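Undergrad: Pasting a structure here, questions to come.
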Amino acid sequence: MELPASLSGFFAIHNQVLLSIGWLEPEYDYPLQIRAPPARVRRQFPDVSLVICGSGRLETELRALTADIGQTEHVVLAGDTPHDIALVATFRCAIF
Numbered sequence: 005m006e007l008p009a010s011l012s013g014f015f016a017i018h019n020q021v022l023l024s025i026g027w028l029e030p031e032y033d034y035p036l037q038i039r040a041p042p043a044r045v046r047r048q049f050p051d052v053s054l055v056i057c058g059s060g061r062l063e064t065e066l067r068a069l070t071a072d073i074g075q076t077e078h079v080v081l082a083g084d085t086p087h088d089i090a091l092v093a094t095f096r097c098a099i100f
C-alpha cells in the first residue's frame, strides 16, 4: 500500500513527522498540536512537521489557524484517511 501523492510528497521532504489521527473535535486540542511545534518543539527538533488525519467540525478552523501562524509548509490536514493508509503513514513517522 502506498500513500496518496499529497502525503507521499510531504513525507519526502520532511524527515521528522509527528502523526495525529482522530476526529477534529475540541476535546482533542488540535490547536495545541498545531501551535506546539513552532513554539516549543522546533527549538530542539527544527525539522519537525505534523500530519493530522481525520475530519470534524474544527477542520476549517484548523486550516485557518495553520495559515494564520504560517505553518502550511509544516502541517498537513489529510482529512479522512482509510485505515490502511493511516497505518502506512504511522510507519513513516517519527512520533505518532
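Going by the numbering used here, the sequence shown opens with residue 5, and the numbers climb by one from there.
Virtual Cβ for every residue (Gly too), placed ideally from N, Cα, C.
Note that the structure is a prediction, hence the values are computed from the model and not measured.
Below 8 Å, can you find three or more Cβ-Cβ pairs linking the segment 56–75 to the segment 16–29?
TA: Segments in contact, yes.
Undergrad: Which first and last residues belong to the beta strand (DSSP E) in which A82 is found?
TA: Locating residue 82 in the sequence shown gives position 78, counting from the first residue. Start and end: 79–83.
Undergrad: Which value, in whole angstroms, describes the spacing of the CA atoms of H78 and L62?
TA: To locate residue 78, count along the sequence shown from 1; it is residue 74. To locate residue 62, count along the sequence shown from 1; it is residue 58. So the alpha carbons of these two residues sit roughly 19 Å apart.
Undergrad: Measure the alpha-carbon distance for F95 versus S24 and round it to whole angstroms.
TA: Translated into positions along the sequence shown, residue 95 becomes position 91. Translated into positions along the sequence shown, residue 24 becomes position 20. Rounded to the nearest angstrom, the two C-alpha atoms are 13 Å apart.
Undergrad: Under the three-state reduction of DSSP, which class applies to I17: helix, strand or coil?
TA: Position 13 of the sequence shown, counting from 1, holds the residue named residue 17. If DSSP states are grouped into helix, strand and coil, I17 belongs with the helices.
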